[in-house]
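Take a look at the structure below.
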Amino acid sequence: MPSGFDGVGLGIPAEIDNMAEVIKHGSRVDLHLCLRLKDGKEFDSTFDDEPMTLVVGDGELVEPLEFLLMGLKAGDHETYDVSADQEVFGYYDEDLVHDIDLIEFPGDMQVNVGTVYGFTTPAGDDVPGVVQSIQDNKASVDFNHPLIGHDFDFEIKILDVESSEELA
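Going letter by letter, the sequence shown gives residues 0 to 167 in numbering that gives the first Met the number 0.
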(Lines of atoms letter the chains of each structure in order from A and count residues from 1; the text may use other names and numbers.)
(Lines give C-alpha, C1' and ligand atoms only; values in the text may rest on other atoms or scores of the structure.)
Protein backbone atom coordinates (compact mmCIF):
# COMPACT_ATOMS: atom_id res chain seq x y z
CA MET A 1 0.00 0.00 0.00
CA PRO A 2 1.41 3.45 -0.88
CA SER A 3 2.67 5.51 2.01
CA GLY A 4 0.21 8.13 3.33
CA PHE A 5 -2.97 6.37 2.22
CA ASP A 6 -5.78 5.48 4.59
CA GLY A 7 -5.89 1.79 3.71
CA VAL A 8 -9.66 1.43 3.40
CA GLY A 9 -9.55 1.20 -0.35
CA LEU A 10 -10.82 4.69 -1.07
CA GLY A 11 -7.51 5.99 -2.30
CA ILE A 12 -7.88 9.22 -0.35
CA PRO A 13 -4.64 10.36 1.22
CA ALA A 14 -5.16 10.29 5.01
CA GLU A 15 -3.80 13.82 5.48
CA ILE A 16 -6.36 15.21 2.98
CA ASP A 17 -9.25 13.23 4.47
CA ASN A 18 -8.36 14.53 7.95
CA MET A 19 -8.46 18.11 6.63
CA ALA A 20 -12.07 17.82 5.44
CA GLU A 21 -14.26 20.56 6.88
CA VAL A 22 -16.40 19.26 9.74
CA ILE A 23 -19.79 20.69 10.57
CA LYS A 24 -19.87 23.18 13.43
CA HIS A 25 -22.00 26.16 14.42
CA GLY A 26 -22.12 28.59 11.49
CA SER A 27 -21.20 26.01 8.81
CA ARG A 28 -23.13 26.11 5.54
CA VAL A 29 -24.18 22.56 4.76
CA ASP A 30 -25.65 20.96 1.63
CA LEU A 31 -27.37 17.73 2.58
CA HIS A 32 -30.12 15.27 1.94
CA LEU A 33 -32.34 14.34 4.84
CA CYS A 34 -35.25 12.05 5.56
CA LEU A 35 -37.55 11.92 8.58
CA ARG A 36 -39.06 8.43 8.51
CA LEU A 37 -41.61 6.97 10.92
CA LYS A 38 -40.85 3.52 12.32
CA ASP A 39 -43.53 1.98 10.05
CA GLY A 40 -41.40 3.10 7.08
CA LYS A 41 -43.63 6.03 6.06
CA GLU A 42 -41.56 9.05 5.04
CA PHE A 43 -42.67 12.24 6.74
CA ASP A 44 -40.24 14.46 4.84
CA SER A 45 -37.37 13.70 2.47
CA THR A 46 -35.09 15.50 0.03
CA PHE A 47 -33.41 12.35 -1.30
CA ASP A 48 -35.54 12.31 -4.47
CA ASP A 49 -35.34 16.07 -4.88
CA GLU A 50 -32.89 18.94 -4.62
CA PRO A 51 -30.66 18.86 -1.54
CA MET A 52 -31.32 21.18 1.36
CA THR A 53 -28.88 23.98 2.19
CA LEU A 54 -28.74 25.38 5.70
CA VAL A 55 -26.49 27.34 8.00
CA VAL A 56 -26.10 25.50 11.30
CA GLY A 57 -27.62 27.63 14.03
CA ASP A 58 -30.03 29.59 11.82
CA GLY A 59 -33.05 27.61 13.01
CA GLU A 60 -33.81 25.79 9.75
CA LEU A 61 -33.65 22.52 11.71
CA VAL A 62 -34.67 22.16 15.33
CA GLU A 63 -31.66 22.28 17.65
CA PRO A 64 -31.63 18.58 18.65
CA LEU A 65 -31.44 17.55 14.96
CA GLU A 66 -28.79 20.21 14.22
CA PHE A 67 -26.75 18.78 17.09
CA LEU A 68 -26.64 15.42 15.28
CA LEU A 69 -24.91 17.13 12.32
CA MET A 70 -22.00 18.39 14.44
CA GLY A 71 -18.67 16.80 13.56
CA LEU A 72 -19.88 15.22 10.33
CA LYS A 73 -18.23 16.03 7.00
CA ALA A 74 -18.97 15.76 3.28
CA GLY A 75 -19.61 12.15 2.30
CA ASP A 76 -20.95 11.07 5.69
CA HIS A 77 -24.28 9.19 5.56
CA GLU A 78 -25.89 8.48 8.92
CA THR A 79 -29.24 7.35 10.29
CA TYR A 80 -30.21 8.21 13.86
CA ASP A 81 -32.96 6.58 15.92
CA VAL A 82 -34.97 9.39 17.55
CA SER A 83 -37.32 8.50 20.39
CA ALA A 84 -40.56 10.36 21.10
CA ASP A 85 -39.29 10.63 24.68
CA GLN A 86 -36.57 13.01 23.46
CA GLU A 87 -39.27 15.61 22.67
CA VAL A 88 -37.29 16.90 19.69
CA PHE A 89 -40.28 18.96 18.53
CA GLY A 90 -41.45 19.97 22.02
CA TYR A 91 -44.41 18.96 24.14
CA TYR A 92 -47.94 18.31 22.97
CA ASP A 93 -50.06 21.43 23.62
CA GLU A 94 -53.88 21.09 23.60
CA ASP A 95 -54.09 24.87 23.00
CA LEU A 96 -52.70 24.27 19.50
CA VAL A 97 -55.84 22.37 18.43
CA HIS A 98 -58.35 24.69 16.74
CA ASP A 99 -61.74 24.35 15.07
CA ILE A 100 -61.74 25.91 11.60
CA ASP A 101 -64.85 26.45 9.49
CA LEU A 102 -64.73 24.33 6.35
CA ILE A 103 -65.50 27.43 4.27
CA GLU A 104 -62.05 28.75 5.31
CA PHE A 105 -60.44 26.03 3.17
CA PRO A 106 -60.09 26.73 -0.57
CA GLY A 107 -63.32 25.81 -2.40
CA ASP A 108 -61.84 23.02 -4.50
CA MET A 109 -59.94 21.42 -1.60
CA GLN A 110 -61.12 18.05 -0.34
CA VAL A 111 -60.69 18.13 3.45
CA ASN A 112 -59.87 14.70 4.88
CA VAL A 113 -59.22 13.46 8.41
CA GLY A 114 -55.55 12.64 8.96
CA THR A 115 -54.29 14.85 6.14
CA VAL A 116 -51.60 17.48 6.77
CA TYR A 117 -52.43 20.88 5.28
CA GLY A 118 -50.32 24.01 5.09
CA PHE A 119 -51.66 27.10 6.84
CA THR A 120 -50.38 30.67 7.13
CA THR A 121 -50.47 32.42 10.50
CA PRO A 122 -51.51 36.08 10.81
CA ALA A 123 -47.77 36.85 11.15
CA GLY A 124 -47.15 35.23 7.74
CA ASP A 125 -45.47 32.05 9.00
CA ASP A 126 -46.27 28.76 7.25
CA VAL A 127 -47.30 25.98 9.65
CA PRO A 128 -48.57 22.44 9.11
CA GLY A 129 -51.86 21.36 10.63
CA VAL A 130 -53.37 17.87 10.78
CA VAL A 131 -57.14 17.49 10.46
CA GLN A 132 -58.22 15.36 13.43
CA SER A 133 -61.97 15.33 12.84
CA ILE A 134 -64.75 16.96 10.83
CA GLN A 135 -68.06 17.75 12.45
CA ASP A 136 -70.79 20.40 12.02
CA ASN A 137 -69.01 22.08 9.08
CA LYS A 138 -65.85 22.51 11.13
CA ALA A 139 -62.51 20.77 10.98
CA SER A 140 -60.59 20.19 14.20
CA VAL A 141 -56.99 20.98 13.21
CA ASP A 142 -53.96 20.10 15.33
CA PHE A 143 -51.09 22.57 14.89
CA ASN A 144 -48.67 20.65 17.12
CA HIS A 145 -45.72 19.32 15.13
CA PRO A 146 -46.95 16.11 13.44
CA LEU A 147 -43.98 14.10 14.77
CA ILE A 148 -44.62 14.92 18.46
CA GLY A 149 -45.22 11.63 20.22
CA HIS A 150 -43.70 9.49 17.45
CA ASP A 151 -40.43 7.57 17.24
CA PHE A 152 -38.68 8.22 13.93
CA ASP A 153 -35.42 7.81 12.03
CA PHE A 154 -33.41 10.85 10.97
CA GLU A 155 -31.32 9.95 7.91
CA ILE A 156 -28.79 12.44 6.61
CA LYS A 157 -26.24 12.46 3.80
CA ILE A 158 -23.77 15.34 3.90
CA LEU A 159 -22.89 16.60 0.42
CA ASP A 160 -20.79 19.71 1.14
CA VAL A 161 -19.61 21.73 4.13
CA GLU A 162 -18.28 25.29 4.15
CA SER A 163 -16.96 26.86 7.34
CA SER A 164 -18.28 30.19 8.54
CA GLU A 165 -14.82 31.64 7.77
CA GLU A 166 -15.18 30.60 4.10
CA LEU A 167 -18.59 32.30 3.97
CA ALA A 168 -17.33 35.65 5.29
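Glycine included, each C-beta is placed from N, C-alpha and C at the ideal position.
Beta-bridge partners assigned by DSSP to Q134: K137.
Counting C-beta atoms within 10 angstroms of its own C-beta, I155 has 16 or more neighbours from the protein chains shown and is therefore classed as buried.
Counting of Cβ neighbours within 10 angstroms places L71 among the buried residues, the total reaching 16 or more. For E65, there is no enclosing beta strand (DSSP E); the enclosing alpha helix (DSSP H) has its first and last residue at E62 to L68.
Around the CB of N143, 16 or more other CB atoms lie within 10 Å, so the residue is classed as buried.
If you draw a straight line from the Cα of V110 to the Cα of L101, it comes to about 8 Å. Within the same chain, V112, A138 and S139 come within 8 Å of S132 by CB-CB distance, once the 5 residues on both sides are set aside. Contact between F42 and L34 holds: CB atoms are separated by about 4 Å, below the 8 Å threshold. In this structure, DSSP gives D124 a state outside helix and strand, which the three-state scheme calls coil. The shortest C-alpha to C-alpha distance from G56 to any of V28, G123 and T78 is the one to V28. The shortest C-alpha to C-alpha distance from G58 to any of Y116, P105 and S26 is the one to S26.
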